[in-house]
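Visitor: Numbering (our numbering), first residue to last: 25 to 370. C-beta atoms are modelled at their ideal positions from N, C-alpha and C, and glycine is treated no differently.
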């Protein structure tokens with residue numbers, strides 16, 4: 025009798041185990057991270073702060089990157105994205121990164137020039153003919169030198185993201201030749217090259233954080249600004265401006281940066297997955313940014329409140345002539361090795 029009871033008990037336990045484990049195919053796979061699954065693995069949290077809208081190229085890329093990292097690491101790494109300057113502004117995000125308050129940022133090249141003058145090269149007007157020229161330079165020696173410049177500041181550069189070329193807008197008059205800029209005041213990013221750029225056109229400048237640009241334009245604190253089509257569109261800057269010039273005179277991109285100590289402390293396998301996700305995101309961004317800007321420009325052209333003009337070759341030549349002295353002015357500041365990687369505009 026005892027033997028029969030023992031056999032029945034054994035079978036019952038076996039059936040229970042089968043129900044709990046054998047009939048669950050997912051039990052044979054690695055389990056995703058769960059806050060209640062203590063002891064499996066610890067989730068790595070990366071706070072990624074940026075200052076633009078979620079529907080801009082950088083905002084979309086940040087979300088895409090976060091999704092890829094979650095998939096590639098089986099949820100072991102969480103990228104917490106804070107857009108629109110929720111945590112820090114352009115003026116404070118680098119210091120926050122160096123303190124370790126956040127682990128990841130993607131500031132505009134102009135903001136990085138405040139840390140190291142090497143990045144001023146990316147603000148030189150008409151330095152790049154098109155997106156292919158930008159990509160070739162950043163994928164080569166120029167990109168290597170720029171990332172190397174951040175090492176002495178204990179910041180790890182990991183990727184270059186694109187927002188495209190900048191256009192001019194203002195609320196006073198059409199901007200077609202250098203003389204049209206005289207007496208106007210323009211909002212700029214914190215870059216000495218950009219100060220010199222507008223001085224060459226006879227204009228003055230004001231350094232205003234990105235999230236304050238709309239209000240500054242609306243109040244008339246500044247007359248105009250330069251920006252990419254996506255930023256003009258998503259921040260609705262066109263509501264405060266009457267004129268827009270498609271000039272492609274400058275380039276706006278972002279250096280994706282990590283706190284160096286945090287990066288060095290990551291397991292090699294996690295670093296590899298992050299690099300893989302960054303590479304995929306960068307390529308995804310390149311493919312989508314141009315199409316997005318074209319669509320947004322078409323929508324802007326349908327508006328009646330803003331007049332859009334594309335520079336003619338003759339007008340562009342006048343702009344180039346006005347900007348050429350800037351190259352000699354900053355050659356020594358930026359350094360010969362970097363300056364040798366770009367050509368003077370023609």
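Taking Cβ to Cβ, would you say residue 233 is nearer than 8 Å to residue 113?
Guide: Their beta carbons are under 8 Å apart, which means residue 233 touches residue 113 by this criterion.
Visitor: For the region 278–355, which segments carrying the beta strand (DSSP E) assignment without a break, of at least 3 residues, lie completely within its bounds, in sequence order?
Guide: Whole beta strand (DSSP E) segments, 3+ residues: 331–334.
Visitor: Can you have a look at residue 313 and say buried or exposed, based on whether 16 or more other CB atoms are within 10 angstroms of its CB?
Guide: Residue 313 should be labelled buried.
Visitor: Look at the alpha carbon of residue 340 and the alpha carbon of residue 228, and state the distance between them as a whole number of angstroms.
Guide: Their backbone Cα atoms lie some 21 Å apart in a straight line.
Visitor: DSSP puts residue 103 in a beta bridge; with which residues?
Guide: Per DSSP, 70.
Visitor: How many angstroms separate the CA atom of residue 110 from the CA atom of residue 274?
Guide: Looking at the two C-alpha atoms, the distance is approximately 27 Å.
Visitor: For residue 301, I'd like the list of residues in its chain whose CB is within less than 7 Å of its CB, leaving aside the five on either flank, ordered along the chain.
Guide: Here the set comprises 89, 92, 93, 96.
Visitor: Pop quiz: residue 191 and residue 270 are said to be a contact at Cβ under 8 Å. What is the actual Cβ separation, rounded to whole angstroms?
Guide: Contact flag correct, Cβ pair sits at about 5 Å.
Visitor: With H, G and I counted as helix, E and B as strand and the rest as coil, what does DSSP make of residue 131?
Guide: In the structure shown, residue 131 sits in coil (DSSP, three-state: anything other than H, G, I, E or B).
Visitor: Under DSSP, the beta strand (DSSP E) around residue 211 begins and ends at which residues?
Guide: Segment 209–212, the beta strand (DSSP E) holding residue 211.
Visitor: DSSP state of residue 145, grouped into three classes?
Guide: Reduced to three states, the DSSP call for residue 145 is helix.
Visitor: If we ignore side chains and look at the alpha-carbon of each, how far apart do residue 223 and residue 149 end up?
Guide: Looking at the two C-alpha atoms, the distance is approximately 13 Å.
Visitor: Tell me, to the nearest whole angstrom, how far the beta carbon of residue 330 is from that of residue 265; I am working on the premise that it is less than 8 Å.
Guide: The Cβ separation is near 6 Å, so the contact holds.
Visitor: Across which residues does DSSP place residue 183 in a beta bridge pair?
Guide: Partner(s): 280.
Visitor: Please confirm whether residue 248 and residue 210 have their CB atoms less than 8 Å apart.
Guide: Contact: yes.
Visitor: Quick one: what's got a C-beta closer than 8 Å to residue 254's C-beta in the same chain, skipping five residues either side?
Guide: Around residue 254: 80, 81, 187, 188, 313, 316, 317, 320.
Visitor: Identify whether residue 91 lies in helix, strand or coil by the three-state DSSP scheme.
Guide: Residue state, collapsed to three classes: helix.
Visitor: Between the C-alpha atoms of residue 359 and residue 143, what's the straight-line distance to the nearest angstrom?
Guide: Approximately 11 Å between the Cα atoms of the pair.
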